[in-house]
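Per full-length UniProt numbering, the sequence shown starts with residue 1, numbered consecutively.
For glycine and all other residues, C-beta sits at the position ideal for the given N, C-alpha and C.
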Amino acid sequence: MGDLDPSAAVTTTTAPQRIGILGGTFDPVHIGHLRGALEVADALALDELRLTPSARPPHRDTPQVSAQDRLAMVECAVAGVAPLVVDARELLRDKPSYTIDTLELMRAELAADAQVFLLLGWDAFCGLPTWHRWEELLQHCHILVLQRPDADSEPPDALRNLLAARSVSDPLALKGPSGQIAFVWQTPLAVSATQIRQLLASGKSVRFLVPDAVLAYIDAHGLYRASN
Numbered sequence: 001m002g003d004l005d006p007s008a009a010v011t012t013t014t015a016p017q018r019i020g021i022l023g024g025t026f027d028p029v030h031i032g033h034l035r036g037a038l039e040v041a042d043a044l045a046l047d048e049l050r051l052t053p054s055a056r057p058p059h060r061d062t063p064q065v066s067a068q069d070r071l072a073m074v075e076c077a078v079a080g081v082a083p084l085v086v087d088a089r090e091l092l093r094d095k096p097s098y099t100i101d102t103l104e105l106m107r108a109e110l111a112a113d114a115q116v117f118l119l120l121g122w123d124a125f126c127g128l129p130t131w132h133r134w135e136e137l138l139q140h141c142h143i144l145v146l147q148r149p150d151a152d153s154e155p156p157d158a159l160r161n162l163l164a165a166r167s168v169s170d171p172l173a174l175k176g177p178s179g180q181i182a183f184v185w186q187t188p189l190a191v192s193a194t195q196i197r198q199l200l201a202s203g204k205s206v207r208f209l210v211p212d213a214v215l216a217y218i219d220a221h222g223l224y225r226a227s228n
């Protein structure tokens, strides 16, 4: 069997890996985060969608519970729910959670042709010009803006030229590993972590606003209660 011509071997090309990233404080993670993530993962046929809890978010108030508790709740929430996974790297860094640093680290671990999609809500997207090294983000990823029916505000001037140059009307048409922006329509779920924390602080139930496993963790550890 040694007489086969090696040049005649069949070459199989594998499609580039498709990785989504959804960052946040997840204080706590809730069905709005998870349903939105799953919708995007399905619509774009992602191989993985990484929920990335931030340790010290530069643009947000300090989370109410510890990083360890927030990470544990996200792990409970996504257990067995492919392709959602947890990426804890921002909690392991002893400095603010800058998205550009996270993207650079992830890029170094992936194949050069891997497609990386950074998921941002409309408000976060409009705030991009205040982010650390924000103009470099598209060197490492595509940006998917999660558009909701109530997001009718105009983007800031700093983003208009970027949108004109980089936006693609169909998120499935995003080409290459990085560099473009697309909008993804989201089913509106009027759920917020602030609302959940307020309900818990006043002793009310948050059943069906968070996954059962997350609720069990909150109850077992007495999180978000008024005494906290």
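Requested in this report: Please go through the region 31 to 79 and give each complete beta strand (DSSP E) segment of 3 or more residues, from N-terminal end onward.
Outcome: 48 to 53
Requested in this report: Tell me where the alpha helix (DSSP H) around residue 125 begins and ends.
Outcome: 122 to 126
Worksheet item: With 16 other CB atoms within 10 Å as the buried threshold, where does residue 225 fall?
Response: exposed
For residue 228 and residue 208, what's the separation of their Cα atoms in angstroms?
The pLDDT assigned to residue 228 is 47, lower than 50, so where the model puts this residue is not dependable, and the model offers no usable value.
Problem - Given residue 196 as reference, the closest of 79, 80, 221, 26 once Cα atoms are compared - result: 26
Original post:
Touch check for the region 169 to 188 and the region 198 to 207: three-plus C-beta pairs under 8 Å?
Top reply: no
### Task
List the endpoints of the continuous beta strand (DSSP E) containing residue 182.
181 to 185
- Is there contact between the region 152 to 168 and the region 15 to 31, where contact requires at least three CB pairs shorter than 8 Å? no
Extent of the continuous alpha helix (DSSP H) run through residue 199: 193 to 201
Worksheet item: In the structure shown, what three-state DSSP assignment does residue 228 receive?
Response: A caution first: residue 228 carries a pLDDT of 47, below 50, which makes its placement in the model unreliable, though a value can still be read off. Correct three-state label for residue 228: coil.
CA-to-CA distance, residue 80 to residue 123, given in whole angstroms = 30 Å
- Check the C-beta distance from residue 53 over to residue 67 and give it rounded, since I have them as a contact under 8 Å. 7 Å
**Study point:** Cβ neighbour criterion (16 or more within 10 Å) applied to residue 23
**Key:** buried
Query - Rounded separation between residue 187 and residue 30 - CA only - result: 15 Å
Which whole-angstrom value is the C-beta distance of residue 140 and residue 178, which I expect to be below 8 Å? 6 Å
With a 10 Å radius around its C-beta and 16 neighbouring C-beta atoms as the bar for buried, classify residue 32 as buried or exposed. buried
**Item:** Pick from 105, 55, 50 that is closest to residue 78, judged by C-alpha positions
**Value:** 50
Rounded C-alpha distance that separates residue 222 from residue 163
44 Å
I need the DSSP call for residue 142, collapsed to helix, strand or coil. strand
Counting C-beta neighbours from all protein chains within 10 Å, is the total for residue 217 16 or more, i.e. buried, or is it exposed?
buried
Segment limits, alpha helix (DSSP H) that includes residue 103 = 99 to 109
Exercise. Grouping DSSP H, G and I as helix and E and B as strand, with all else coil, what is residue 209?
Worked result: coil
Roughly how many angstroms lie between the CA atoms of residue 13 and residue 134, to the nearest whole one?
-> 34 Å
- Any idea if residue 193 is buried or exposed, counting beta-carbon neighbours within 10 angstroms, 16 or more meaning buried? buried
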